[in-house]
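*Asks:* Just so we're on the same page, the working numbering is the position in the sequence shown counted from 1, plus 1047.
Here a beta-carbon is modelled for each residue, glycine too, at the ideal position from N, C-alpha and C.
My questions will all concern the structure given below.
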Amino acid sequence: MRGKEPSPGAAPPQWRSLAITGAITLLLAACGLIAYSVHAARQRDRQEAIVVPPAPAPMPASETSSDNAEPARLTPYSGRDFGMRSGFRPSVVVTGPFEPIQAHVFTTETRAFVLDGIEGPPATAICLGDEKRLWACGLQSRAALIGLIRDREPLCQLVSGKPANKPRDPGTGLWNCTVDGADLALRLVDGGWARPTSRNDSAILAALGRAKEARRGLWEGAWDIVRVPPVAP
C-alpha cells in the first residue's frame, strides 16, 4: 500500500518546524528588548533622584568666629604696630625674661611696659623707715614687682599712647596688666610698693587705704624718700 500523500498546497513538515522556531526566537528577542528598556528606565530614574547638594560657600573672613580667639603672644614682643587706629586696644601675653626698672615699669628683651595710673619710687631711692632707719625702698619695690611676674605670663592691654621699639624706652604707651587674673597695679599698691596717680577707682583707693593702715612697703615711713643716688652706668 502507498502511504498517505500530503494534500496539494500544504507546507512540508520541515518548513513548519523552521517557522515555529523562528517565531519563538522573535518572541524571546522581543521579551529581552522589553526587559532591557525597563531596566534602563529604572536606572535613569534612580540617577535623576540622586541630588548632590552644592558645596557650602566659604565663610567670609569678616564673619569668622572669634569667640575662642587668644590674645597675641609676645616671646619677646613681636614688633607689630600697636597704633591706636579706630580705637584699637590690643591685649598681649608677655613672656620673660623680665627686668624690673621701677615698681611700675618692667621690660622684656625688646619692650618696656609702664603700668597705667600708678607710680613707684625711683629705682635707687633710699627711704626713711621706722626709728629713722634708712632702707633701699627703690630696690625692694623692684624686687616686689619681679616677684609678682617671674615665671608667669602677664596679660597686658594697651590703654593709651604708643609704645617704642626699644627695650628700656616705654615711649608713651601705658598698660593695664593682670597676672593670674589679678590686677598687677592693684597688687603693687596693696603691698605699699606703688601709689595711684591718675587712677582713682574704688578698688585702687581701697588698696591704698589698706597699705597705709598696715604700714606696708613705703608706708612704713609715710613714703618718705630721702635720697636718690644716681644710677650706675
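Apart from the five residues on each side of it in sequence, which residues of its chain come closer than 8 angstroms, Cβ to Cβ, to Pro1276?
*Replies:* Within the same chain, Pro1276 has close Cβ partners Thr1171, Ile1173.
*Asks:* Let me make sure I understand the geometry here. Which of Ile1067, Ala1269, Ile1081, Thr1157 has the alpha-carbon closest to that of Arg1180?
*Replies:* The candidate whose alpha carbon is nearest that of Arg1180 is Ala1269.
*Asks:* How big is the Cα-Cα spacing for Ser1207 and Val1161?
*Replies:* Those two C-alpha atoms are separated by around 11 angstroms.
*Asks:* Check whether the Cβ atoms of Val1152 and Pro1217 sit closer than 8 angstroms, and answer yes or no.
*Replies:* Yes, these two residues count as a Cβ contact at 8 angstroms.
*Asks:* Just the C-alpha distance for Ala1250 and Ala1229, rounded to the nearest angstrom, thanks.
*Replies:* Computed Cα separation, rounded: 12 angstroms.
*Asks:* Check the DSSP bridge columns for Arg1242 and list the partner residues they point to.
*Replies:* In DSSP, Arg1242 forms a bridge with Glu1166.
*Asks:* My output table needs one value for Lys1209: the three-state DSSP class, helix, strand or coil.
*Replies:* Note: Lys1209 maps to coil in three-state DSSP.
*Asks:* For Glu1200, tell me which candidate among Leu1231, Arg1189, Pro1214, Gly1185 has the shortest Cα-Cα distance.
*Replies:* Of Leu1231, Arg1189, Pro1214, Gly1185, the residue nearest in Cα terms is Leu1231.
*Asks:* Going by DSSP, what residues sit across from Phe1153 in a beta bridge?
*Replies:* Paired residue(s): Pro1147, Phe1160.
*Asks:* Provide the residue(s) that pair with Ile1067 in DSSP beta bridges, ordered along the chain.
*Replies:* For Ile1067, which the question treats as bridged, DSSP gives no partner whatsoever.
*Asks:* Buried or exposed: which applies to Leu1252, given that a residue is buried once 16 or more other Cβ atoms fall within 10 Å of its Cβ?
*Replies:* So Leu1252 ends up on the exposed side.
*Asks:* With a Cβ-Cβ cutoff of 8 angstroms, do Ala1261 and Ile1165 count as a contact?
*Replies:* In this structure, Ile1165 does not lie closer than 8 angstroms to Ala1261 by Cβ.
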